[in-house]
Structures are given as structure tokens and as C-alpha cells.
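To start, the structure itself, in C-alpha cells.
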Amino acid sequence: AKDPKSWMLRFHTQTAGVQLTAQQPEVNMVRVAVQGLAAVLGGTQSLHTNSFDEAMALPSEKAARLALRTQQVLAYETDVCATVDPFAGSYVIESLTDDIETAATALIARIDDMGGAVAAIEQGFQKAEIESSAYDIALQIDNGQRVIVGLNKFTTDDKEHYPPLRVNPAIEAEQSARLATLRNSRDNGEVERLLSVIRETAKGDGNLLYPMRDALKALATVGEVSDALRDVWGLFEPTDRF
Numbered sequence: 042a043k044d045p046k047s048w049m050l051r052f053h054t055q056t057a058g059v060q061l062t063a064q065q066p067e068v069n070m071v072r073v074a075v076q077g078l079a080a081v082l083g084g085t086q087s088l089h090t091n092s093f094d095e096a097m098a099l100p101s102e103k104a105a106r107l108a109l110r111t112q113q114v115l116a117y118e119t120d121v122c123a124t125v126d127p128f129a130g131s132y133v134i135e136s137l138t139d140d141i142e143t144a145a146t147a148l149i150a151r152i153d154d155m156g157g158a159v160a161a162i163e164q165g166f167q168k169a170e171i172e173s174s175a176y177d178i179a180l181q182i183d184n185g186q187r188v189i190v191g192l193n194k195f196t197t198d199d200k201e202h203y204p205p206l207r208v209n210p211a212i213e214a215e216q217s218a219r220l221a222t223l224r225n226s227r228d229n230g231e232v233e234r235l236l237s238v239i240r241e242t243a244k245g246d247g248n249l250l251y252p253m254r255d256a257l258k259a260l261a262t263v264g265e266v267s268d269a270l271r272d273v274w275g276l277f278e279p280t281d282r283f
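Given below as C-alpha cells:
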């Protein structure tokens, strides 16, 4: 990489939905705000803030709006976006960065020793690491070592009723009708031809981006494109090692 622009780290941040709780769900708004602030201070180029009710169901309109307002408060009511690197020179942040870099380098070396990322997936390495980490965190929460406000500390006996989002079943019928109209109006012969190109490309090592683009422009659905890939590659069944 010789172009300085290619050295730049462009990254998107989504707040941690796994840290949201169904107990005292309003506390999730505080969690999301803190996580969003951390992302901005870390220099993220784009940000998704989770809705506070996502631990229970799909986000309601109100919850989604509050998630958006959280970003807008950070962007327009504070000056955190006015400085490129507000933590520059911080001993704590630099030390943590060094720790992460060291651990990441060691992890990449382990994966390289396995034959690369695909080989590691086939051996179930990434899945086992995720499961092991999730298990350790669950144990820490259960024994109180890791405090989760409202879940294992500062709890209440009140059982708050929160009405989850109810999706109107008529939406499914409407979407099915739209899909039927699409399939009746498009050139299905051309769609099938382009899906065949995807299948043939998937059998080799060619670039799939352009065949998929062409199929989608011809009004193939995402499901049909995915099915074409599954016809060649099948479905990956991860190995349970935990």
C-alpha cells in the first residue's frame, strides 16, 4: 500500500446490543449514550445507536427515534466532533491500544498457523472463541464479578410491563403481493440467465460482484441471488467444539 489514503482506517460502529437488558430497559438509553460517546471519541466515521427496547423485541418507533436523538445530541449539543483525536497522548488510552494491538497480533498469528481465516472457520476456531468468551462473561454476571445495573445489582421487585412492537400481519401479505407483481413484470428469462452466470462464477474464483450486480439490476431478488450461491456452495454447518 503506497497511497496514504489506503493507510487510513475507515470504520463503522454499532453500539453493543448484547449489553442491553430486558430488566429496567430504560437504563439501556444510558448505556447506548455512553457507548455512542465512546465511538465518537474513538473517531468512528459512522455510527448506529441501538434502540433501548431491542433486548425484548424489534424496536418501536419511539425507541428508534430516541436512538437517533442520542446521536444528534452528541453531534449538535457537544463539541466532541470538533476535535480529531481528543484522547491523543492519554497514557491510559495509549496503553490500552498497545494491549489490544499485542493481543490482536498474537491472534492473527494463531490463525495464520491454522492456514488462514477460511481454514480456521472450517476448524471451528472463531466460533469456539466466541462461545468461550460468551460463557466466561455469563459466569461473571452470574457470580456478580461483572456488574450489570438492574440485572444483578440495583434491582427492583417491580415487574414493569413493556408492550413490545407488534408487526401488522397485513404487511406480509402486502409484501407477497408486491413480490408477485415484480416477478410477473420482469424478464424472468433474463433473470434466470444472470442467476446461471452467478452459479458458474461461484464454481471458480472469479469476481462475483459484477454478476450479482447485473442480476439485481434485472430485478432478481436477494433471496434468488442467495439461492444461486447456495446451489453451488451449500450451507455451512459449524462444528460444535465448546
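Following our numbering, the numbering of the sequence shown begins with 42 at its first residue and continues without gaps. A virtual CB, placed ideally from N, CA and C, is assigned to each residue, including glycine.
Straight-line Cα distance separating residue j from residue i
i, j, result
"residue 57", "residue 77", "10 Å"
"residue 218", "residue 250", "29 Å"
"residue 278", "residue 272", "15 Å"
"residue 185", "residue 193", "7 Å"
"residue 262", "residue 252", "13 Å"
"residue 269", "residue 231", "14 Å"
"residue 45", "residue 83", "20 Å"
"residue 248", "residue 240", "12 Å"
"residue 267", "residue 170", "27 Å"
"residue 199", "residue 65", "9 Å"
"residue 119", "residue 111", "11 Å"
"residue 197", "residue 177", "26 Å"
"residue 174", "residue 130", "31 Å"
"residue 246", "residue 159", "14 Å"
"residue 220", "residue 210", "16 Å"
"residue 137", "residue 143", "10 Å"
"residue 181", "residue 117", "37 Å"
"residue 233", "residue 212", "28 Å"
"residue 139", "residue 151", "19 Å"
"residue 145", "residue 215", "47 Å"
When the options are compared against residue i, the one with the closest alpha-carbon
i, options, result
"residue 85", "51, 253, 254, 197", "51"
"residue 235", "216, 255, 246, 225", "255"
"residue 207", "114, 222, 101, 228", "101"
"residue 98", "205, 268, 149, 220", "205"
"residue 113", "89, 131, 129, 124", "89"
"residue 229", "244, 199, 265, 212", "265"
"residue 202", "94, 71, 72, 143", "94"
"residue 276", "214, 123, 71, 163", "163"
Span of the alpha helix (DSSP H) around residue i
i, result
"residue 54", "Where residue 54 is concerned, there is no enclosing alpha helix (DSSP H), although the beta strand (DSSP E) it sits in stretches over 53-55."
"residue 212", "211-226"
"residue 118", "Taken as a continuous stretch (DSSP letters only), residue 118 belongs to no alpha helix (DSSP H), as it is neither H nor E."
"residue 348", "As shown, the chain starts at 42 and ends at 283. That puts residue 348 outside it, with no answer to give."
"residue 147", "132-154"
"residue 233", "229-243"
"residue 274", "263-274"
"residue 167", "166-183"
"residue 281", "No alpha helix (DSSP H) contains residue 281, which DSSP labels as neither H nor E."
"residue 78", "68-82"
"residue 253", "250-258"
"residue 208", "Looking at the DSSP string, residue 208 is not in any alpha helix (DSSP H), and its letter there is neither H nor E."
Cβ shell of residue i (< 8 Å), same chain only, five flanking positions each side left out
i, result
"residue 42", "48"
"residue 125", "84"
"residue 70", "93, 107, 111"
Integer Cβ distance of residue i from residue j, believed to fall under 8 Å
i, j, result
"residue 62", "residue 104", "Residue 62 to residue 104, Cβ: 14 Å. No contact."
"residue 81", "residue 115", "6 Å"
"residue 59", "residue 190", "The pair is not a contact, with the Cβ atoms about 15 Å apart (cut-off 8 Å)."
"residue 161", "residue 155", "5 Å"
"residue 79", "residue 91", "14 Å between Cβ atoms; not a contact."
"residue 280", "residue 165", "4 Å"
"residue 127", "residue 133", "Actually they do not touch by this definition, with Cβ atoms about 13 Å apart."
Range covered by the beta strand (DSSP E) that runs through residue i
i, result
"residue 87", "87-89"
Nonlocal neighbours in the same chain, by C-beta distance under 6 Å from residue i, ignoring five residues either side
i, result
"residue 258", "none"
"residue 227", "260"
"residue 87", "53"
"residue 238", "252"
"residue 55", "89"
Close-in-space but distant-in-sequence residues of the same chain around residue i (CB under 7 Å, 5 per side omitted)
i, result
"residue 223", "260"
"residue 188", "194"
"residue 274", "243"
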